[in-house]
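Encoded as structure tokens, the structure appears first; notes follow it.
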Amino acid sequence: MIPTKEEFYNALVCRHGADYQKKFDEACVAICGLGGLGSNIAICLARAGVGNLILIDYDVVDVSNLHRQQYKASQVGMSKTEALLSNLKEINPYINIETKQIKMTEENAMELVEEADIVCEAFDDPVCKAILVNEVLEKAPDKYVLSSSGMAGFGSANLISTKKISKRFFLSGDSVSDVNDGIGLVSSRVMVCGAHEAHMVLRILIGEKDA
Amino acid sequence: MVQINGEEYQFDNKKLVSFLEEHNYDKARIAVEINEEIVPKANYDETVLMSGDVVEIVSFVGGG
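Line by line, the protein sequences are chains S and Y.
So that you can map any letter, position 211 of the first sequence is 207 in this note's numbering, and since no number is skipped, the others follow by simple counting.
Offset between the second sequence (1-based) and this note's numbering: plus 1.
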């Protein structure tokens, strides 16, 4: 039996308080890249009742994604946007989710995140990370951008942290563990990093502007 | 004196692009802020680091 919208909302108010839940409900967050970071960020925010999510990724679910990304074996071959939409709707049926199955570029980035108050950078590729962060900081003075860098390998999860780089730019990760150095991505450590980004989203929404 | 990523450098009027090149930064993988303001990539060549500037150079690594 799926709870009603009112039951769902009241349960969230019990956890977060009415004032904060209203802020979450009214917020719009773009998640750019739906891999190990983005799929975990989306699940955290959907569970918290963030009312409007924009999911952006061009890719499809691959068997090599299943060790760390929030998809199911039955979803291999589906677009990540559609698969994650389906999974999030099972978790929280009452939030608005917009999907954009497209590759983000320097040219289309700002249009794709136009409606968002907060932009979560969750790409795998460092050039894509840099493009999105630079575009938002240069062109959208009213938006926050949260990004991640350095989460590969079996290094201590305690090395993952969130730093406030400037008033609209937060960076999570250990800054150095590069997947291109031949160390693999490990589910738990990527999840820690994604949770850092998601948690910073919630903190910004309630007015806590320090990392 | 210029502060870059928390370290103090004893120079003044140094070109940002010179610092980036001397320290082997890949310009396609970074974001640079001076005194909390982003430096547009198109301005890297003409930007000069002045005494008192606080600079953050974020260099992204792969994985997500």
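Ideal Cβ positions, reconstructed from N, Cα and C, are used throughout, including at glycine.
Just so it is clear, the structure is predicted and the values come from calculations on it, not from any experiment.
- Here S/Lys19 carries a helix assignment [DSSP, helix/strand/coil].
- In the displayed model, S/Leu167 falls within a strand according to three-state DSSP.
- In the structure shown, the three-state DSSP call for S/Glu102 is coil.
- Along the segment 136 to 153 of chain S, the positions whose C-beta sits under 8 Å from a C-beta of chain Y are Ser143, Ser144, Ser145, Gly146, Met147 and Ala148, read in chain order.
- Interface with chain S (8 Å Cβ-Cβ cutoff): Y/Ile31 is included.
- Two segments are said to touch when three or more pairs of C-beta atoms, one from each, lie closer than 8 Å; by this definition the segment 119 to 132 of chain S touches the segment 27 to 44 of chain S.
- According to DSSP, S/Ile179 shares a beta bridge with no other residue.
- Non-local C-beta neighbours of S/Gly151 in its own chain, meaning closer than 8 Å and more than five positions away in sequence, comprise Asp170, Ser173 and Arg185, ordered along the chain.
- For a Cβ distance threshold of 7 Å, residue set Gly65 of chain Y lies close to S/Gly32, ordered along the chain.
- S/Leu81 is positioned such that its CB atom lies closer than 8 Å to that of S/Thr95.
- For the set Y/Ile35, Y/Phe12 and Y/Lys28, the Cα lying nearest the Cα of Y/Val55 is the one of Y/Ile35.
- A buried status is given to S/Cys189, since no fewer than 16 other beta-carbon atoms sit within 10 Å of its beta-carbon.
- Judged by DSSP in its simplified three-state form, S/Val141 adopts strand.
- Interface annotation, Y/Val59: in contact with chain S, CB-CB separation under 8 Å.
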